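Using the working numbering, read the sequence shown as starting at 25 and increasing by one per residue.
Idealized CB from N, CA, C, for every residue including glycine.
Since this is a predicted model, take the numbers as computed values, not measurements.
Since the structure comes first, as structure tokens, the remarks are kept for the end.
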Amino acid sequence: MTTLTRHRLIGIAIAVFVFIADQWMKRFVVRDLGLDQVGDQYELLPFFDFTRTNNYGVSLGMFEATSMEMRWILVAVTAAIACVVLVWMLRERLLGDIFALGLVLGGALGNIRDRYLFGYVIDYADFHIGDFRPFLIFNIADAAITIGVVIILARALFMREKPKNEQDAAS
């Protein structure tokens with residue numbers, strides 16, 4: 025097995041792990057903690073609750089799907105984006121970028137599955153300091169997507185490997 029093949033398999037494994045962890049956690053929150061209604065809450069720590077919300081939009085609640093047509097448009101658009109991320113990951117050569125793209129892909133697939141099955145994404149992670157909430161309520165998929173994008177941006181801005189020779193630079 026070549027190094028590149030191994031890197032690609034690592035990326036796919038990361039995506040699968042994120043997807044499974046996301047879906048398991050959503051199931052745990054809804055079924056095991058009993059947070060089956062919007063607004064249901066379970067206090068875990070003084071600064072962290074599980075608070076059930078249904079997100080009908082995408083990032084930061086934008087582009088809210090208020091109709092069946094919009095729901096399926098969001099499913100189609102996010103699925104197309106996930107396909108682009110998969111192709112990018114399979115073409116990428118650097119393990120750090122493949123790792124980050126695996127996070128993004130797994131998170132995207134977790135949220136796409138929710139939207140396909142329910143028409144919304146289940147969010148539950150609620151960090152707060154008293155009544156101050158510095159973040160919107162989110163889920164593992166959202167966190168993986170955010171971390172993956174931050175890694176991609178940081179690597180693009182600060183850690184890009186240089187071509188090994190002049191011929192690589194010209195291509």
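In the three-state scheme derived from DSSP, where H, G and I count as helix and E and B as strand, D60 is classed as coil. DSSP places A149 in no alpha helix (DSSP H) but in the uninterrupted beta strand (DSSP E) bounded by 145-151. Take F142, set aside five residues on each side of it, and no residue of its chain has a beta-carbon closer than 7 Å to its own. Annotation for I146: K50, D138 place their beta carbon closer than 6 Å to its own, counting only its chain and skipping 5 residues before and after. Judged by DSSP in its simplified three-state form, D73 adopts strand. DSSP places L118 in the coil class of the three-state scheme, outside both helix and strand. The residue among L33, I38, Y148 with its C-alpha nearest the C-alpha of L133 is I38. One thing to note: A168 has its Cβ within 9 Å of the Cβ of V128.
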